[in-house]
Amino acid sequence: MTLTLATAPASKTAAQLNAGIAYHVCMDLNTVDHLLSTTRSVRKRLDLTRPVPDAVIDECIQIAIQAPSASNSQRWHFVVVTDAKQRAAVAGCYQRSFTLYATPPAGQPEPDRSDPRVAQALRVRDSAQYLSDHMHEVPVLIIPCIEGRVENAGQMAQAATYGSILPATWSLMLALRARGLGSAWTTLHLRYEREVCDILGIPGTVTQVALLPVAYYLGDDFKPATRLPLDERIHRNTW
Ligand SMILES: Cc1cc2nc3c(=O)[nH]c(=O)nc-3n(C[C@H](O)[C@H](O)[C@H](O)COP(=O)(O)O)c2cc1C
219 MTLTLATAPA SKTAAQLNAG IAYHVCMDLN TVDHLLSTTR SVRKRLDLTR PVPDAVIDEC
279 IQIAIQAPSA SNSQRWHFVV VTDAKQRAAV AGCYQRSFTL YATPPAGQPE PDRSDPRVAQ
339 ALRVRDSAQY LSDHMHEVPV LIIPCIEGRV ENAGQMAQAA TYGSILPATW SLMLALRARG
399 LGSAWTTLHL RYEREVCDIL GIPGTVTQVA LLPVAYYLGD DFKPATRLPL DERIHRNTW
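So my numbering is basically just the index in the sequence shown, starting at one, shifted up by 218.
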């Protein structure tokens, strides 16, 4: 990729202009930064009625596999589920797991609704419940997988294995978002990973890492989310 120095690129973001940072720019940073900061977990805004062409999914996966993998091993696989019966079976596993996840242990105190974090959590819970209820209606379910199992492996092998599929999974969500498709990173179906293997014929030697429900999204755009302050999260030179 050729980098060119643009002294006053039209694509500089407001944050960069404020910081007075000189960038070597070869692409429209406004668009790139917008994509990176507004790729949300889409649940209630999935269009459950609009078909998704196979070619769009293939194109996004083609882009996703530009991601890095340990020793360039490329052990990734993407199981794209569009058949209604298969989707319903996978969604059933997800829904059973969600029910366990969403059932609070007995004797839990009522959450303090004046706490803004609680309000955010309640919104996510509501949205997650919606996704669970409608998972079987989502037109495409994608399960990113990687060859190998790491239950008994050390930290380095675990990091190399997950690190060789999770970047591609996020790239896939970004590529989908750029084409008007929403998704949400989910993992709850993994409580029943073996059952999902049986439903989809995934070999037992392969690890599933996520389940992405994919559909065109409703509405125009998404907003950046509120995150914890950066200065609490960056450690310069020492922790
Ligand atoms: C590893 C991981 C597992 C997740 N599992 C689920 C899940 O099973 N179901 C779900 O609805 N959302 C799941 N999420 C989505 C998070 O709830 C979401 O990323 C978080 O609330 C922040 O929202 P945002 O993605 O819109 O910024 C998961 C996210 C990650 C990174």
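Note that CB positions come from ideal geometry on N, CA and C, so glycine has one too.
request  = Would you give the residue range spanned by the alpha helix (DSSP H) that I279 belongs to?
outcome  = On the sequence shown, position 61 is the one that residue 279 refers to. Its alpha helix (DSSP H) spans residues D272 to A282.
query = Looking at T444 and ligand 1, is the gap between the Cβ and the nearest heavy atom below 6 Å?
reply = If you number the sequence shown from 1, residue 444 lands on position 226. T444: no, Cβ never under 6 Å from ligand 1.
request  = Return yes when the Cβ of S350 is within less than 7 Å of the Cβ of F296, no when it is not.
outcome  = Here residue 296 refers to the residue found at position 78 when the sequence shown is read from its first residue. Here residue 350 refers to the residue found at position 132 when the sequence shown is read from its first residue. Their beta carbons are not under 7 Å apart, which means F296 does not touch S350 by this criterion.
task = May I ask you to list the residues that DSSP assigns as paired with Y434?
result = Start at 1 with the first residue of the sequence shown, and residue 434 comes out as number 216. L399, per the DSSP bridge assignment.
message = Just to confirm my understanding: we take G376, look at its own chain, exclude 5 residues before and 5 after, and list those with CB closer than 7 Å. What are they?
response = As a first step, residue 376 must be located in the sequence shown, where it is residue number 158. For the record, residue 376 in the displayed sequence is Gln; it is not Gly. Residues V368 of the same chain have their beta carbon placed closer than 7 Å to that of Q376, with the five preceding and five following residues left out of the count.
key: Which listed residue (L436, N370, D439 and A428) has its alpha carbon closest to that of A386   = Start at 1 with the first residue of the sequence shown, and residue 386 comes out as number 168. Of all alpha-carbon atoms in L436, N370, D439 and A428, the one lying nearest the alpha-carbon of A386 is that of A428.
ask   = Using the C-alpha atoms, what's the distance from L253 back to K441?
value = On the sequence shown, position 223 is the one that residue 441 refers to. On the sequence shown, position 35 is the one that residue 253 refers to. Taking the straight line from one Cα to the other gives about 10 Å.
inquiry  = For T404, list the residues DSSP reports as bridge partners.
reply    = The residue you call residue 404 lines up with position 186 of the sequence shown. In the DSSP output, where bridge partners are listed per residue, T404 has L429.
ask   = Taking Cβ positions, are T300 and V358 nearer each other than 7 Å?
value = What you label residue 300 is simply residue 82 of the sequence shown in a count that begins at 1. What you label residue 358 is simply residue 140 of the sequence shown in a count that begins at 1. Cβ atoms of T300 and V358: closer than 7 Å.
ask   = Going by beta carbon distance, what residues of the same chain come within less than 7 Å of H407, once the five residues before and after it are set aside?
value = Here residue 407 refers to the residue found at position 189 when the sequence shown is read from its first residue. The answer, listed in chain order, is V308, C311, Y312, S315, V414 and L429.
request  = Evaluate contact between the segment 387 to 405 and the segment 331 to 344, counting only Cβ atoms and requiring at least three cross-stretch pairs below 8 Å.
outcome  = The count of Cβ pairs closer than 8 Å, one atom from the segment 387 to 405 and one from the segment 331 to 344, stays below three, leaving the stretches out of contact.
ask   = E328 by DSSP, collapsed to three states: which one?
value = For the purposes of this step, residue 328 is taken as residue 110 along the sequence shown, with counting starting at 1. Of the three classes helix, strand and coil, the one that applies to E328 here is coil, per DSSP.
query = Which residue or residues does DSSP assign as beta-bridge partners of E365?
reply = Residue numbering aside, residue 365 sits at position 147 when the sequence shown is read from its first letter. Within the DSSP bridge table, the entry for E365 names V424 as partners.
message = So for L266, helix, strand or coil by DSSP?
response = Position 48 of the sequence shown, counted from the first residue, corresponds to residue 266. If DSSP states are grouped into helix, strand and coil, L266 belongs with coil.
Span of the beta strand (DSSP E), counted from its first residue to its last, around F296 = For this step, residue 296 is matched to residue 78 along the sequence shown. Counting along the chain, the beta strand (DSSP E) containing F296 begins and ends at W294 to V299.
ask   = How would you write the range of the alpha helix (DSSP H) that G310 sits in, first residue to last?
value = Your numbering for residue 310 matches position 92 in the sequence shown. Counting along the chain, the alpha helix (DSSP H) containing G310 begins and ends at A302 to A320.
message = Can you give me the C-alpha to C-alpha distance between Y380 and D276, rounded to a whole angstrom?
response = Position 162 of the sequence shown holds residue 380. Position 58 of the sequence shown holds residue 276. Counting only the Cα atoms, D276 lies some 22 Å from Y380.
ask   = Around the Cβ of V356, are there at least 16 other Cβ atoms within 10 angstroms (buried) or fewer (exposed)?
value = Residue 356 sits at position 138 when you count from the first residue of the sequence shown. When all chains shown are included, V356 counts as buried.
ask   = Quick one, are the C-beta atoms of I364 and I383 less than 7 Å apart?
value = Position 146 of the sequence shown, counted from the start, is the residue given in the question as residue 364. Position 165 of the sequence shown, counted from the start, is the residue given in the question as residue 383. Annotated as proximal: I364 and I383, with beta-carbon spacing under 7 Å.
Check: T256 C-beta below 6 Å from any heavy atom of ligand 1 = Position 38 of the sequence shown, counting from 1, holds the residue named residue 256. Result no, Cβ not under 6 Å from ligand 1.
inquiry  = Spatial neighbours of T257 within its chain, please: C-beta separation below 7 Å, excluding the five flanking residues on both sides.
reply    = Your numbering for residue 257 matches position 39 in the sequence shown. M391, L392 and R395, listed in sequence order.
request  = With a threshold of 16 other CB atoms inside 10 Å of the CB of Q426, please say whether the residue is buried or exposed.
outcome  = Position 208 of the sequence shown, counting from 1, holds the residue named residue 426. By the 10 Å Cβ count, Q426 comes out buried.
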